[in-house]
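Novice:
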Amino acid sequence: MRTNRRADTLFLLIFAGIFLSAIALAGGLLTEPAGAADFTRKNLPPCLAHPFGTDWMGRDMLARTVAGLSLSIRVGGLTALLSGGIALLLGTVSAACGPRVDALVSWVIDLVLGIPHILLIILVSLACGRGVWGVIAGVALTHWPSLARLVRGEVLQLKQATFLRAVRRLGVSRGRVLRTHLLPHLLPQLFTGLILQFPHAILHEAGVTFLGFGLSPERPAIGVILEESMGYLAAGRWWLALFPGLSLVLVVMLFAVAGERLRLLLAPASAQE
Amino acid sequence: MKHRLKFTIKKLFRMALLLLGVSLTAFLLMDASPLDPLQTNIGQAALGTMSPEQIARLETYWGVDTPAAERYVGWLGGVLRGDFGLSLLYRRPVLEVIGQRLAGSLWLLVCAWILSGALGLALGVAAGASRGRWPDRLVRGGCLTVSSTPAFWLALLLLMVFAVWLKVLPIGLSVPIGGAQATLAERLRHALLPGLTLSITGVAGIALHTREKVIDVLDSDYILFARARGEGHILRRHVLRNVALPAITLQFVSIGELIGGSVLVEQVFSYPGLGQAAVAAGLGGDMPLLLGITVITAAIVFGGNLAADLLYGVIDPRIRRGAARG
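Pasting the structure below:
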């Protein structure tokens, strides 16, 4: 059966949404078994009872991986929302409030882009005294610039559009122009940007927890799990690193594909390809 | 020529201002940290057994008792004289530590930078020119996978395959343990896997962006016209020339990401480079070192952007003339 791209994308998005919320939910329920140590079954390679194997404390790696992914998805979602909010605010302000504000915002964007993301996340997470909130703040504060630039460009272009000039001549208030005319044009762009932002956010979250800046070692985060697995690589326990990492890659890829499809669909030039 | 000079000076001024902003931001963030450097490095138990005078001396050493503004101004004054202060963890001048670490990282970074740039450009052009056919799909699929893969996990995988399974490459460090006088071949063997990881992760972004640009160019009217005239060598004469500018931008913008990636990759391979020093400084509360590393990497990134801006003029005659007129 041949379906068109619109239907495909919709299906993919719904599937991705259900799949990711299922993992996020399951992880919340699984925190108990994920931390349960059982020394009678330690260091088991993958088998039917434990498809991802067990670690040196006999914890089931499948449960830990799902719990870790759940944490990653929740943190990724929250940071994507936060950085999207910052981007929308600064992008619009920059385009709408005159050249001085514009110059200031561009300067701040250049500044944030000048420090490699991971270094800035380390700095912000230190400022928050490490912990989950440090990671969330760090990732949110580093991921807005590219989206803000996008929003700024879009608003600048819209400002010149005939329909907006006409609306303004008709004496419609600023707030109403923003609400009924600007936002509907911006939201699809922003939404796509957010979904495409998600993979970066998750990867950076995993990276910074891997380095040891984020969460306590007991929390099953993917970064923490992989960091622990490093000590057992030379002992040949490959499953400790392979499966958690692979599942992270799959989740990130799902989001990247969904976002890319959505972008193509929303761009009029490529919608019907 | 005069205009180009003015342009450069303006850019340099902006860069200095940005660096000042970076240092202030980094300083404020570190200052806001509730983590006590004494607790982190010496530990509660050891602190309990010390006399108040000893603690006071340590507090002076870690700079806990001086107000923030005074410390920043003092630091800035030192930097202007070329003194970045003392690293608290390594007990040596920050610049010396950074210089030594950067030397270790630098050729890793440069190799990965050149390799990922060249490979990314080639793959991007190949994919864009064969849009929709199998080379395009292959490149796109590969790039998607790579860009969804965390750099440190890729490093772990490579380690597992080459160092643990096949045992052909060493598991970490830049030289064999205890080998102060390592040969070039040994250094190369130790840098191979980290370099490879960094190159692979860098390729994806460059290839995908180049592909977009190539497709844009191929859809343009002048390509249609060139085809209609029956011209050969369209790829070399038209596409490559028009892709050159965005390719340069991408190449120089990727420096920041490359340094970011090296932080993670060096950690996996315990490669004694700048990134590893940054992590150690961050975990150990070594403010002068972390501040120094942040400022120096930012300077490298801004320097890259400036180089790209200047190269535009060299490569594109339109911009050269435009700059002269404006």
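Chains as they are written, first to last, in numbering that gives the first Met the number 0: chain A, 0 to 272; chain B, 0 to 325.
Each residue gets a CB set at the ideal place from its N, CA and C atoms; glycine is no exception.
Could you check whether the Cβ of Asp-109/A sits closer than 8 Å to any Cβ belonging to chain B?
Specialist: Here residue 109/A refers to the residue found at position 110 of the first sequence. Yes, contact with chain B.
Novice: Count the other CB atoms, across all protein chains shown, that sit within 10 Å of the CB of Arg-324/B; report buried if there are 16 or more and exposed otherwise.
Specialist: Position 325 of the second sequence, counted from the first residue, corresponds to residue 324/B. Annotation note: pLDDT 47 at Arg-324/B (below 50); position unreliable, coordinate value reported separately. Result: exposed.
Novice: With a threshold of 8 Å between beta-carbons, can Trp-152/B be considered close to chain A, or not?
Specialist: The sequence position of residue 152/B within the second sequence is 153, counting from 1. Output row for Trp-152/B: interface = yes.
Novice: Please report the straight-line C-alpha distance between Phe-254/A and Pro-198/A, rounded to a whole angstrom.
Specialist: If you number the first sequence from 1, residue 254/A lands on position 255. If you number the first sequence from 1, residue 198/A lands on position 199. The straight-line gap from Cα to Cα measures roughly 6 Å.
Novice: Which complete alpha helix (DSSP H) runs does the stretch 74-107 of chain B hold, if anything under 4 residues is left out?
Specialist: Segments of the alpha helix (DSSP H) lying fully in the stretch 74-107 of chain B: there are none.
Novice: Give the residues of chain A in contact with Phe-301/B, contact being defined as C-beta atoms less than 9 Å apart.
Specialist: Taking the second sequence and counting its residues from 1, the one referred to as residue 301/B is at position 302. Simply Asp-109, Gly-113.
Novice: DSSP three-state call for Asp-59/A: helix, strand or coil?
Specialist: Position 60 of the first sequence holds residue 59/A. Residue state, collapsed to three classes: strand.
Novice: Give a yes or no on whether 8 Å exceeds the smallest Cβ distance from Ile-121/A to chain B.
Specialist: For the purposes of this step, residue 121/A is taken as the residue at position 122 of the first sequence. So yes, Ile-121/A belongs to the interface.
Novice: Does the CB of Met-49/B have a neighbour CB from chain A at under 8 Å?
Specialist: Residue numbering aside, residue 49/B sits at position 50 when the second sequence is read from its first letter. Answer no: the Cβ-Cβ gap between Met-49/B and chain A never drops below 8 Å.
Novice: Helix, strand or coil: how does DSSP classify Thr-53/A here?
Specialist: The residue given as residue 53/A occupies position 54 in the first sequence. Strand.
Novice: According to DSSP, is Cys-110/B helix, strand or coil?
Specialist: Numbered from its first residue, the second sequence carries residue 110/B at position 111. In this structure, Cys-110/B counts as helix in the three-state DSSP scheme.
Novice: When the cut-off is 8 Å and only beta carbons count, does Ile-247/B lie next to chain A?
Specialist: In the second sequence, residue 247/B corresponds to position 248, counting from 1. For Ile-247/B, the answer is no, since every Cβ of chain A falls outside 8 Å of its Cβ.
Novice: When DSSP labels each residue in this structure, what does Arg-324/B get in the three-state scheme?
Specialist: Looking up residue 324/B in the second sequence gives position 325. The pLDDT assigned to Arg-324/B is 47, lower than 50, so where the model puts this residue is not dependable, and the model offers no usable value.
Novice: Assign Ile-201/A to one of three DSSP states: helix, strand, or coil.
Specialist: The residue you call residue 201/A lines up with position 202 of the first sequence. Helix at Ile-201/A.
Novice: Taking Cβ positions only, does His-116/A come closer than 8 Å to chain B?
Specialist: By 1-based counting over the first sequence, the position of residue 116/A is 117. Yes, its Cβ sits closer than 8 Å to a Cβ of chain B.
Novice: Just to make sure I have the definition right: I need the residues of chain A whose C-beta is within less than 8 Å of the C-beta of Gly-259/B. Which are they?
Specialist: As a position in the second sequence, residue 259/B is number 260, starting the count at 1. Within chain A, the residues near Gly-259/B are Pro-115, His-116, Ile-117, Leu-118.
Novice: Along the chain, where does the alpha helix (DSSP H) containing Tyr-231/A start, and where does it finish?
Specialist: What you label residue 231/A is simply residue 232 of the first sequence in a count that begins at 1. Looking at the DSSP string, Tyr-231/A is not in any alpha helix (DSSP H), and its letter there is neither H nor E.
Novice: Just mark Gly-312/B as buried or exposed, buried being the case when its beta carbon has 16 or more other beta carbons within 10 Å.
Specialist: Walking along the second sequence from the start, residue 312/B turns up at place 313. Gly-312/B is buried by the Cβ-count criterion.
Novice: Less than 8 Å between CB atoms is the rule here; does Leu-193/A satisfy it with respect to chain B?
Specialist: Here residue 193/A is taken as the residue at index 194 of the first sequence, counted from 1. Not closer than 8 Å to any Cβ of chain B, the Cβ of Leu-193/A fails to qualify, so no.
Novice: Would you identify the three-state DSSP class for Asn-304/B, choosing helix, strand or coil?
Specialist: Taking the first residue of the second sequence as position 1, residue 304/B is located at position 305. Residue state, collapsed to three classes: helix.
Novice: Report all residues from its chain with a CB closer than 8 Å to the CB of Leu-234/B; omit the five preceding and five following residues, and keep chain order.
Specialist: Translated into positions along the second sequence, residue 234/B becomes position 235. Around Leu-234/B: Val-124, Ala-128.
Novice: Assign Tyr-71/B to one of three DSSP states: helix, strand, or coil.
Specialist: Locating residue 71/B in the second sequence gives position 72, where the first residue counts as 1. Residue state, collapsed to three classes: helix.
Novice: Does the stretch 212-225 of chain B come close enough to the stretch 274-284 of chain B that 3 or more CB-CB pairs lie under 8 Å?
Specialist: They do not touch, by the three-pair rule.
Novice: Is there contact here, the stretch 59-69 of chain A with the stretch 204-221 of chain A, by at least three beta-carbon pairs under 8 Å?
Specialist: Cβ pair count under 8 Å is three or more, so yes.
Novice: Work out the CA separation of Ile-194/A and Gly-75/A for me, nearest whole Å.
Specialist: To locate residue 75/A, count along the first sequence from 1; it is residue 76. To locate residue 194/A, count along the first sequence from 1; it is residue 195. Between Gly-75/A and Ile-194/A, the C-alpha separation is close to 10 Å.
Novice: With DSSP collapsed to three states, give me the class of His-142/A.
Specialist: Position 143 of the first sequence, counted from the start, is the residue given in the question as residue 142/A. In this structure, His-142/A counts as coil in the three-state DSSP scheme.
Novice: Compile a chain-ordered list of the residues in the stretch 50-69 of chain A whose CB is closer than 9 Å to at least one CB of chain B.
Specialist: If the cut-off is 9 Å between Cβ atoms, the stretch 50-69 of chain A has nothing near chain B.
Novice: Counting Cβ pairs closer than 8 Å, one from the stretch 130-138 of chain A and one from the stretch 176-194 of chain A, do we hit at least three?
Specialist: Taking 8 Å as the limit for Cβ pairs, the verdict is that the stretch 176-194 of chain A does not touch the stretch 130-138 of chain A.
Novice: For the structure I just gave you, are there three or more beta carbon pairs, one from the stretch 142-150 of chain A and one from the stretch 89-109 of chain A, closer than 8 Å?
Specialist: With a cut-off of 8 Å, the stretch 89-109 of chain A and the stretch 142-150 of chain A count as touching, because enough Cβ pairs lie within range.
Novice: Would you check if the distance between the CB atom of Leu-207/B and the CB atom of Cys-142/B is smaller than 8 Å?
Specialist: Within the second sequence, numbered from 1, the residue matching residue 207/B stands at position 208. Within the second sequence, numbered from 1, the residue matching residue 142/B stands at position 143. Against a cut-off of 8 Å, the Cβ pair of Cys-142/B and Leu-207/B comes out as a contact.
Novice: 8 Å is my cut-off, CB to CB: does Pro-149/B come that close to chain A?
Specialist: For the purposes of this step, residue 149/B is identified with residue 150 of the second sequence, where counting begins at 1. Interface residue, yes.
Novice: Less than 8 Å between the beta carbons of Ser-22/B and Leu-257/B, yes or no?
Specialist: Residue mapping note: residue 22/B aligns to position 23 of the second sequence, counting from 1. Residue mapping note: residue 257/B aligns to position 258 of the second sequence, counting from 1. No, they are not a contact pair.
Novice: I need the DSSP call for Tyr-270/B, collapsed to helix, strand or coil.
Specialist: Numbered from 1 along the second sequence, position 271 holds the residue referred to as residue 270/B. Three-state result, Tyr-270/B: coil.
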